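One structure is given below, encoded as structure tokens.
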Amino acid sequence: MDGNVTLFGSLKRFFTSLPVDLPKKHGRGGQSALRFARLRKEKRHNYVRKTAEVATTQFYINPATSQPNVAGLILGGSAGFKTELSQSEMFDPPLQAKILNIVDVSYGGENGFNKAIELFAEILSNVKFIQEKKLIGKYFEEISQETGKYVFGVEDTSVP
């Protein structure tokens with residue numbers, strides 16, 4: 001998410017592209033400078049609102065259930081939009097809870113998307129590792145309590 005485009009995707013697959021044409025900071029204008037600043041702020045607000053709406057529709061299985069269909073979100077971009085989106089009231093709370101990290105990248109568009117994934121790859125692998133560690137912990141807990149809900153060995157786990 002930067003000042004030019006917002007990309008939504010899953011690892012290496014893009015779902016939606018949301019192009020935007022935001023005005024740059026305006027240093028001139030005399031009496032119109034305040035009006036230009038207000039218009040710029042309004043367009044930025046609308047951009048964050050539209051991004052929050054598209055994220056809600058892209059990452060929900062069913063809007064009626066309010067359950068995100070993602071394990072985690074990475075917000076990346078070059079401007080302050082990603083932080084603004086993560087702290088915005090317009091961004092759905094269930095999706096806010098899924099934010100794993102906010103990544104600063106100096107590129108926009110597809111290059112920025114790939115760079116954010118590259119920077120976050122180590123943390124993504126740690127998430128998988130932590131999930132596996134919890135499963136193994138639960139497995140050992142079942143063994144220590146002798147609940148009978150566990151099997152191990154080639155003969156016990158293979159299909160006859």
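In full-length UniProt numbering, the protein residues as written are 1 to 160. Glycine is no exception: its CB is placed at the ideal position from the N, C-alpha and C atoms. Note that the structure is predicted; figures quoted are calculated from it, not measured.
Q) Considering only residues of the same chain and omitting the five flanking positions on each side of Phe86, which have a CB-CB separation below 8 Å? A) First, the residue type needs correcting, since residue 86 is Ser and not Phe in the sequence shown. Contacts found: Leu75, Gln96, Ile99, Ile102.
Q | Between the CA atoms of Arg44 and Ser125 - distance to the nearest angstrom | A | 34 Å
Q: Measure how close the beta-carbons of Gly77 and Gly112 come, nearest whole angstrom, since I'm counting them as under 8 Å.
A: 7 Å
Q: Note the first and the last residue of the continuous beta strand (DSSP E) segment covering Asp156.
A: Unbroken run through Asp156 is the alpha helix (DSSP H), 154-157; no beta strand (DSSP E).
(Q) Am I right that residue 163 and Val70 are in contact with their C-beta atoms under 8 Å? What's the rounded C-beta distance? (A) Shown here, the chain extends from 1 to 160; a query on residue 163 therefore has no answer.
Q: Give the straight-line distance between the Cα atoms of Val151 and Val127, rounded to the nearest whole angstrom.
A: 26 Å
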